[in-house]
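Written out below as structure tokens is the structure these notes cover.
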Amino acid sequence: MQEMMKKRAIELLANGTCDRVLGWTNGDFAYDQTPALFRTEQELEEGFVYNGFSAANLSKYLVKECRAGGKILVFLKPCDTYSFNQLVAEHRIKREMIYVIGVACDGKADVEKLKEQGIDGITAIKEEGDTYVVSTIYGDKTVKKEDVLAERCVNCKSRKHMVYDELIGEAGDVIADCGRFDMVEKLEAMTPDERYEFWRGVLSRCIRCNACRNVCPACTCEQCIFDNPKSGVAQKAAANSFEENMFHIIRAFHVAGRCTDCGECSRVCPENIPLHLLNRKFIKDVNTFYGTYQAGEDPAAKPPLGRYEKNDIEPGEAGGVKA
Amino acid sequence: MQDVNYRPKIVAFCCNWCSYAGADLAGSSRLAYPADVKIIRVPCSCRVNPLFILRAFQRGADGVIMAGCHPGDCHYTSGNYFARRRMTLLFSMLDYLGIERERTRVEWISAAEGAKFSKTMNEFAATIAALGENKRLEDLRCKK
Numbered sequence: 196m197q198e199m200m201k202k203r204a205i206e207l208l209a210n211g212t213c214d215r216v217l218g219w220t221n222g223d224f225a226y227d228q229t230p231a232l233f234r235t236e237q238e239l240e241e242g243f244v245y246n247g248f249s250a251a252n253l254s255k256y257l258v259k260e261c262r263a264g265g266k267i268l269v270f271l272k273p274c275d276t277y278s279f280n281q282l283v284a285e286h287r288i289k290r291e292m293i294y295v296i297g298v299a300c301d302g303k304a305d306v307e308k309l310k311e312q313g314i315d316g317i318t319a320i321k322e323e324g325d326t327y328v329v330s331t332i333y334g335d336k337t338v339k340k341e342d343v344l345a346e347r348c349v350n351c352k353s354r355k356h357m358v359y360d361e362l363i364g365e366a367g368d369v370i371a372d373c374g375r376f377d378m379v380e381k382l383e384a385m386t387p388d389e390r391y392e393f394w395r396g397v398l399s400r401c402i403r404c405n406a407c408r409n410v411c412p413a414c415t416c417e418q419c420i421f422d423n424p425k426s427g428v429a430q431k432a433a434a435n436s437f438e439e440n441m442f443h444i445i446r447a448f449h450v451a452g453r454c455t456d457c458g459e460c461s462r463v464c465p466e467n468i469p470l471h472l473l474n475r476k477f478i479k480d481v482n483t484f485y486g487t488y489q490a491g492e493d494p495a496a497k498p499p500l501g502r503y504e505k506n507d508i509e510p511g512e513a514g515g516v517k518a
Numbered sequence: 050m051q052d053v054n055y056r057p058k059i060v061a062f063c064c065n066w067c068s069y070a071g072a073d074l075a076g077s078s079r080l081a082y083p084a085d086v087k088i089i090r091v092p093c094s095c096r097v098n099p100l101f102i103l104r105a106f107q108r109g110a111d112g113v114i115m116a117g118c119h120p121g122d123c124h125y126t127s128g129n130y131f132a133r134r135r136m137t138l139l140f141s142m143l144d145y146l147g148i149e150r151e152r153t154r155v156e157w158i159s160a161a162e163g164a165k166f167s168k169t170m171n172e173f174a175a176t177i178a179a180l181g182e183n184k185r186l187e188d189l190r191c192k193k
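First to last, the sequence lines map onto chains A and B. For the first sequence, the numbering used here begins at 196 and goes up steadily by one. For the second sequence, the numbering used here begins at 50 and goes up steadily by one.
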């Protein structure tokens with residue numbers, strides 16, 4: 196897969212279809228494949244990496260790249276193509292400046308799950324069939340890919356590319372019964388006190404690093420409300436429970452109806468806060484109240500918060516007190 | 050323990066065209082509503098950013114109510130329809146986080162409904178008084 200992608204990227208670079216390539220390269224650790232921009236064949240040959248840890252959604256990087264001009268080649272996994280479509284719909288990126296190669300994905304690994312299995316001191320990771328051979332300072336270990344699948348990939352909603360110019364690997368399908376709302380339903384079934392305890396428990400871990408905001412492909416404002424010193428929530432470390440609640444409610448609300456559920460927020464969270472559960476609540480509510488809607492599926496669709504029906508449900512019936 | 054002198058603090062966002070005029074009518078008709086309700090006039094109910102609601106709680110409100118024109122009667126044609134969707138999602142999220150859902154409310158009150166305004170505010174103030182102080186969305190820095 197990686198070699199095919201590399202070869203094709205070099206071809207497209209040589210024939211002038213694009214002048215740079217957005218892909219992944221090795222980061223500081225063996226399990227940390229980080230987004231990178233390649234401008235020459237040599238850079239690609241030396242640096243380009245695509246494996247089970249190339250998890251980053253590259254679509255957000257296109258916002259900056261589109262401003263720089265030229266033509267960009269980008270590799271997108273199925274879930275990334277939803278974000279891509281959403282960015283096109285919001286006029287944040289220019290479709291004609293980008294050549295999209297869809298790459299098949301059978302789920303990405305989460306290093307936290309490796310660590311849960313007691314694997315530490317990782318020096319290298321090799322893929323062999325449906326296993327990862329993990330070299331550590333304590334010796335080699337083999338784990339099944341499905342055992343270390345990232346949370347978001349366990350509940351993968353679609354293996355179908357929503358948009359592409361060409362495809363490498365096999366085309367997949369939308370997975371209707373992915374069960375991604377199971378945990379949301381479990382929380383809804385709890386009593387308010389239990390829910391409060393649960394969210395206090397996870398949100399109080401927040402260190403306000405803003406990684407969830409920075410990585411989110413739906414968060415592309417030039418100036419973010421949370422950077423405003425007058426916002427009352429601009430401090431780096433959350434001073435108390437209110438700031439944590441407010442930051443996370445508003446962050447999720449600002450992407451409500453636009454979040455494609457790519458799961459990047461939870462992936463990058465250094466405290467492993469299940470942030471996707473907030474986003475999924477909004478997605479589930481939108482589906483329940485305003486009809487099934489998947490952001491990024493169709494760039495021409497009107498977003499649920501940008502349209503209305505005269506007989507919409509009343510807030511009192513949905514969440515507040517019934518009048 | 051609840052202070053015997055406890056009075057709830059309630060913030061009401063009222064749209065300029067309907068609910069604010071409704072409050073006026075309640076006043077000129079001499080219909081009483083609790084002084085705990087502090088009205089903030091907004092040009093339209095859709096001016097109410099979800100952040101306003103949270104900010105009100107941060108600054109010590111125990112309950113927040115948003116009042117606007119009846120759906121279909123918006124001075125700007127469709128503002129309250131959008132506001133309705135936003136608040137539906139926001140209230141549902143607050144409930145999901147375990148914050149008492151009774152503390153937030155939306156009511157449609159026209160300029161001719163002074164009686165409804167006073168009734169709604171009395172009811173809401175009683176609900177909030179029964180719930181007591183807002184603890185789950187409080188900001189200790191803002192408490193005196």
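For glycine and all other residues, C-beta sits at the position ideal for the given N, C-alpha and C.
Alpha carbon to alpha carbon, how far is residue i from residue j?
i                      : j                      : result
residue 265 of chain A : residue 211 of chain A : 10 angstroms
residue 492 of chain A : residue 54 of chain B  : 56 angstroms
residue 515 of chain A : residue 505 of chain A : Model confidence at residue 515 of chain A stands at a pLDDT of 43, short of 50, so the residue's coordinates are unreliable; what they give is reported in the following sentence. One C-alpha to the other measures close to 19 angstroms.
residue 359 of chain A : residue 410 of chain A : 22 angstroms
residue 208 of chain A : residue 236 of chain A : 7 angstroms
residue 92 of chain B  : residue 503 of chain A : 20 angstroms
residue 165 of chain B : residue 70 of chain B  : 12 angstroms
residue 518 of chain A : residue 494 of chain A : With a pLDDT of 39 at residue 518 of chain A, under the threshold of 50, the predicted position of this residue should be treated as unreliable, though the coordinate-derived value follows. Distance between the alpha carbons of residue 518 of chain A and residue 494 of chain A is about 37 angstroms.
residue 102 of chain B : residue 186 of chain B : 11 angstroms
residue 204 of chain A : residue 267 of chain A : 11 angstroms
residue 181 of chain B : residue 99 of chain B  : 23 angstroms
residue 476 of chain A : residue 79 of chain B  : 44 angstroms
residue 263 of chain A : residue 289 of chain A : 12 angstroms
residue 183 of chain B : residue 233 of chain A : 53 angstroms
residue 322 of chain A : residue 197 of chain A : 12 angstroms
residue 356 of chain A : residue 367 of chain A : 8 angstroms
residue 201 of chain A : residue 251 of chain A : 17 angstroms
residue 179 of chain B : residue 170 of chain B : 14 angstroms
Relative to the C-alpha of residue i, which residue among the options is closest?
i                      : options                       : result
residue 162 of chain B : B/116, B/150, B/135 and B/148 : B/116
residue 189 of chain B : B/144, B/169 and B/106        : B/106
residue 328 of chain A : A/271, A/246 and A/435        : A/246
residue 401 of chain A : A/233, A/241 and A/443        : A/443
residue 501 of chain A : A/200, A/468, A/453 and A/347 : A/453
residue 217 of chain A : A/340, A/471, A/371 and A/261 : A/261
residue 461 of chain A : A/231, A/307 and A/234        : A/307
residue 347 of chain A : A/361, A/304 and A/425        : A/304
residue 439 of chain A : A/200, A/222, A/398 and A/421 : A/398
residue 341 of chain A : A/483, A/332 and A/300        : A/300
residue 220 of chain A : A/214, A/206 and A/270        : A/270
residue 225 of chain A : A/511, A/286, A/315 and A/238 : A/315
residue 275 of chain A : A/296, A/253, A/287 and A/294 : A/253
residue 470 of chain A : A/338, A/320, A/292 and A/378 : A/378
residue 394 of chain A : A/437, A/202 and A/374        : A/437
residue 364 of chain A : A/331, A/445 and A/272        : A/272
residue 465 of chain A : A/243, A/407 and A/336        : A/407
residue 371 of chain A : A/388, A/319, A/353 and A/508 : A/353
residue 338 of chain A : A/312, A/350 and A/382        : A/312
residue 468 of chain A : A/487, A/403 and A/387        : A/403
Just checking my contact of residue i with residue j at CB under 8 angstroms: how many whole Å lie between their CB atoms?
i                      : j                      : result
residue 412 of chain A : residue 278 of chain A : 4 angstroms
residue 282 of chain A : residue 258 of chain A : 7 angstroms
residue 154 of chain B : residue 173 of chain B : 6 angstroms
residue 421 of chain A : residue 405 of chain A : 7 angstroms
Strictly below 8 angstroms CB to CB, what residues from chain E border residue i?
i                      : result
residue 469 of chain A : Going by chain labels, chain E is absent from the structure shown, which instead holds the protein chains A and B.
ask   = Quick one: complete alpha helix (DSSP H) runs, 4+ long, within the segment 412-492 of chain A?
value = Listed in chain order, the complete alpha helix (DSSP H) runs (minimum 4 residues) inside the segment 412-492 of chain A are 436-449, 459-463 and 471-485.
Completely contained alpha helix (DSSP H) runs for the segment 219-247 of chain A, where each covers 4 or more residues = Those alpha helix (DSSP H) runs which fall completely within the segment 219-247 of chain A and span 4+ residues are 236-242.
Those runs of the alpha helix (DSSP H) which lie wholly inside the segment 96-126 of chain B and span at least 4 residues = Taken in chain order, the whole alpha helix (DSSP H) runs of length 4 or more contained in the segment 96-126 of chain B are 99-107.
message = Against chain A, which members of the segment 119-150 of chain B pass a CB distance test of less than 8 angstroms?
response = Flagged, chain order: 120, 121, 127, 130, 131, 133, 134, 135, 136, 137, 138, 139, 140, 141, 142, 143, 144, 145, 146, 147, 148, 149 and 150.
inquiry  = Along the segment 486-499 of chain A, where does the CB come closer than 9 angstroms to a CB of chain B? Name the residues.
reply    = The segment 486-499 of chain A vs chain B, Cβ under 9 angstroms: 499.
task = Please list the residues of the segment 348-365 of chain A that have a C-beta atom closer than 9 angstroms to any C-beta atom in chain B, keeping them in chain order.
result = Those residues of the segment 348-365 of chain A that come within reach of chain B (Cβ to Cβ, closer than 9 angstroms) do not exist; the list is empty.
message = Extract the residue ranges of the beta strand (DSSP E) inside the segment 305-391 of chain A, only unbroken runs of 3 or more that lie entirely within it.
response = Listed in chain order, the complete beta strand (DSSP E) runs (minimum 3 residues) inside the segment 305-391 of chain A are 317-323, 326-331, 334-339 and 361-363.
ask   = In chain order, which alpha helix (DSSP H) runs of at least 4 residues are fully inside the segment 254-303 of chain A?
value = Taken in chain order, the complete alpha helix (DSSP H) segments of 4 or more residues contained in the segment 254-303 of chain A are 256-263 and 273-284.
inquiry  = Using a Cβ-Cβ cutoff of 9 angstroms, what residues of the segment 382-406 of chain A are near chain B? List them in chain order.
reply    = Along the segment 382-406 of chain A, the positions whose C-beta sits under 9 angstroms from a C-beta of chain B are 382, 383, 385, 386, 387, 388, 389, 390, 391, 392, 393, 394, 395 and 398, read in chain order.
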